[in-house]
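*Asks:*
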Amino acid sequence: MPFIQLQNELDERATLGLLRSRRTLSSPQSPHIIVDGKPYLAFCSNDYLGLANHPQLIAALQQGAQQWGVGAGAAHLVNGHFDPHHQLEQQLAVFVGKPAALLFSTGYMANLGAVQALVGKGDTVFADKLNHASLNDAMLLSRAEVTRYRHGDVAQLEKQLAQTRSGRKLVITDAVFSMDGDIAPLRELLALCEQYDAWLYADDAHGFGVVGEQGRGSMAHFGIASERIVYMATLGKAAGVSGAFIAAEQVVIDTLVNHAHSYVYTTATPPALSVALSQSLQLIAQGDGLRMHLKKLIAQLRNGLSDLPWQLMPSDTAIQPLLVGDNQLALKLSESLRGRGIWVAAIRPPTVPQGTARLRITLSAAHSAADVDQLIGALHELAQES
Ligand SMILES: *Cc1c(COP(=O)(O)O)cnc(C)c1O
Numbered sequence: 004m005p006f007i008q009l010q011n012e013l014d015e016r017a018t019l020g021l022l023r024s025r026r027t028l029s030s031p032q033s034p035h036i037i038v039d040g041k042p043y044l045a046f047c048s049n050d051y052l053g054l055a056n057h058p059q060l061i062a063a064l065q066q067g068a069q070q071w072g073v074g075a076g077a078a079h080l081v082n083g084h085f086d087p088h089h090q091l092e093q094q095l096a097v098f099v100g101k102p103a104a105l106l107f108s109t110g111y112m113a114n115l116g117a118v119q120a121l122v123g124k125g126d127t128v129f130a131d132k133l134n135h136a137s138l139n140d141a142m143l144l145s146r147a148e149v150t151r152y153r154h155g156d157v158a159q160l161e162k163q164l165a166q167t168r169s170g171r172k173l174v175i176t177d178a179v180f181s182m183d184g185d186i187a188p189l190r191e192l193l194a195l196c197e198q199y200d201a202w203l204y205a206d207d208a209h210g211f212g213v214v215g216e217q218g219r220g221s222m223a224h225f226g227i228a229s230e231r232i233v234y235m236a237t238l239g240k241a242a243g244v245s246g247a248f249i250a251a252e253q254v255v256i257d258t259l260v261n262h263a264h265s266y267v268y269t270t271a272t273p274p275a276l277s278v279a280l281s282q283s284l285q286l287i288a289q290g291d292g293l294r295m296h297l298k299k300l301i302a303q304l305r306n307g308l309s310d311l312p313w314q315l316m317p318s319d320t321a322i323q324p325l326l327v328g329d330n331q332l333a334l335k336l337s338e339s340l341r342g343r344g345i346w347v348a349a350i351r352p353p354t355v356p357q358g359t360a361r362l363r364i365t366l367s368a369a370h371s372a373a374d375v376d377q378l379i380g381a382l383h384e385l386a387q388e389s
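Just so we're on the same page, this note's numbering is the position in the sequence shown counted from 1, plus 3.
(1) Compute the beta-carbon to beta-carbon distance between D131 and H154, rounded to the nearest angstrom, for a pair I have assumed lies under 8 angstroms.
(2) Whole angstroms is fine: what's the gap from Y2's alpha carbon to D257's?
(3) Take S221 as the anchor and find which of R231, A236, E230 has the nearest alpha-carbon.
(4) Using DSSP's beta-bridge definition, name the partner residues of M235.
(5) Where does G67 sit, in a helix, a strand or coil, going by DSSP?
(6) On the DSSP letters alone, give me the boundaries of the alpha helix (DSSP H) that A288 sits inside.
(7) What did DSSP end up calling A44 once you bin it into helix, strand or coil?
(8) In whole angstroms, give me the CA-to-CA distance for V254 and V233.
(9) Where do the ends of the beta strand (DSSP E) carrying F129 lie?
(10) Could you check which residue in G212, I227, F98, K162 has the C-alpha nearest to that of G239?
(11) Quick check on the DSSP output: the beta strand (DSSP E) that includes R151 runs from which residue to which?
(12) Does the Cβ of N206 lie closer than 7 angstroms to at least one heavy atom of ligand 1?
(13) Using 7 angstroms as the cut-off, classify the Cβ of G110 as near or not near the heavy atoms of ligand 1, replying yes or no.
(14) Work out the CA separation of L115 and L300 for me, nearest whole Å.
(15) Specify the secondary structure class of G170 as computed by DSSP and reduced to three states.
(16) Tell me, to the nearest whole angstrom, how far the beta carbon of V3 is from that of L192; I am working on the premise that it is less than 8 angstroms.
(17) Note down the Cα distance separating P273 from N306, rounded to an integer number of angstroms.
(18) Since V97 is in the beta strand (DSSP E), which residue starts that stretch and which ends it?
(19) Using CA coordinates, which residue listed in Q32, Y268, D206, A96 is at the minimum distance from N56?
(20) Among V375, R294, L308, which residue has its Cα nearest to the Cα of G215?
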């Protein structure tokens, strides 16, 4: 029976401390969640601005459902493209300073669809080794030649670009790295793209709403703009709802509408979600207070954890990974924290490279200074015990 094989593979993963399983929340997303009937102080969501349970977004979603119903009922190219989708796309394009934008159901689908539509056989993609799994899958699906460069290594990328003579060239990077929290050298990457006539695909899942003036994202953070940049961001993280978008030149967007399979062959998202997202975009634009508070929490955490046996990785963003190294130790620390009523996810290979298991601490504007102090205190207790 093939089931025995599957079970053996799962057992092997468990032995390595790599088995994954789910916990069920019985409360809305927030720093204070209920899991299996117990309350926890959580530091693992990507709800960086605390919008996932915001009363104005709940009201917008309710109103959106009243007006537009529940389901879109069809793909965008059939008759599932509604006013709220269209308006949101225009608002998103303006917000990030691009001529046009296109909504996708999820960030995973946006990456699969966009990369596959923009490059193919005979073309080359250049990818940072620590890119998100969805970008790695997207490159494989595109059938373009794949070249990877060491994390943030602009010099290595330049050599690779210089050696590539034919076809389109697409440099792909997380803008804010999802498991490390550092920001890609977008300015240098863009300069190389200009020099070697390549496009720059920036996945800003963790920067949109959080970095840059008014939360306009990583391009705004560096003050860069270029026709060569294809900008992608998700709407289920800082934006607090669901979905994703690509913002780019009109001809790129038209190409995606025609060729991105994950756009063409899927049902449009409920228009009510776009109503909520338009409201979310306003909260993001007005969210300087939230971002300021988040910044203070980041500084507080980094100060408070500077003397631990485990190092916080270099990061200025809401993603503050505590590098542990060993898989089992990362799991054990995560479990010990849970015993103290604190929820922090242990991240292990293959999500991160071998030997770099970590506690991925994420902060949200919804946390209080007292919440962060509680985490700092608990980690110091664990350090003394170990
Ligand atoms: C979360 C994430 C995605 C996927 O976005 P979803 O909307 O959750 O599917 C893509 N890229 C990066 C870097 C991410 O962190």
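From the three backbone atoms N, C-alpha and C, an ideal C-beta is built for every residue, glycine too. Predicted model, so just to flag it, every value in this text is computed and none were measured.
*Replies:* With the given structure in hand:
(1) Position 128 of the sequence shown holds residue 131. Position 151 of the sequence shown holds residue 154. D131 to H154, Cβ: 6 angstroms. Contact.
(2) Past the edges of the chain, shown from 4 to 389, lies residue 2, and the structure says nothing about it.
(3) As a first step, residue 221 must be located in the sequence shown, where it is residue number 218. The shortest Cα separation from S221 among R231, A236, E230 belongs to A236.
(4) Within the sequence shown, numbered from 1, the residue matching residue 235 stands at position 232. The partner list for M235 (beta bridge, DSSP) reads D206, I249.
(5) Taking the first residue of the sequence shown as position 1, residue 67 is located at position 64. Helix, per DSSP.
(6) For the purposes of this step, residue 288 is taken as the residue at position 285 of the sequence shown. Residues 274-288.
(7) Within the sequence shown, the letter at position 41 stands for residue 44. The sequence shown places Leu at residue 44, rather than the Ala named in the question. Here L44 sits in strand by DSSP.
(8) Start at 1 with the first residue of the sequence shown, and residue 254 comes out as number 251. Start at 1 with the first residue of the sequence shown, and residue 233 comes out as number 230. One C-alpha to the other measures close to 11 angstroms.
(9) Here residue 129 refers to the residue found at position 126 of the sequence shown. Where F129 is concerned, the enclosing beta strand (DSSP E) stretches over 127-131.
(10) By one-based count along the sequence shown, residue 239 stands at place 236. Ranking the options by Cα distance to G239, first place goes to G212.
(11) As a working note, residue 151 is residue 148 in the sequence shown. Taken as a continuous stretch (DSSP letters only), the beta strand (DSSP E) holding R151 covers 148-152.
(12) Reading the sequence shown from its first residue, position 203 is the one you call residue 206. According to the sequence as given, residue 206 is Asp; it is not Asn. Yes, since a heavy atom of ligand 1 falls inside the 7 angstroms radius drawn around the Cβ of D206.
(13) Here the question's residue 110 lines up with position 107 in the sequence shown. Yes; taking the cut-off as 7 angstroms, the Cβ of G110 has a heavy atom of ligand 1 nearer than that.
(14) On the sequence shown, position 297 is the one that residue 300 refers to. On the sequence shown, position 112 is the one that residue 115 refers to. C-alpha separation (whole angstroms): 34 angstroms.
(15) Start at 1 with the first residue of the sequence shown, and residue 170 comes out as number 167. Three-state DSSP puts G170 in coil, outside helix and strand.
(16) The chain is shown only over 4 to 389; residue 3 falls outside these bounds and no answer can be derived.
(17) Position 270 of the sequence shown, counted from the first residue, corresponds to residue 273. Position 303 of the sequence shown, counted from the first residue, corresponds to residue 306. Going from the Cα of P273 to the Cα of N306 covers about 43 angstroms.
(18) By 1-based counting over the sequence shown, the position of residue 97 is 94. Element bounds for V97: not the beta strand (DSSP E) but the alpha helix (DSSP H), 86-99.
(19) By 1-based counting over the sequence shown, the position of residue 56 is 53. It is Q32.
(20) Start at 1 with the first residue of the sequence shown, and residue 215 comes out as number 212. Minimum Cα distance to G215 is reached at R294.
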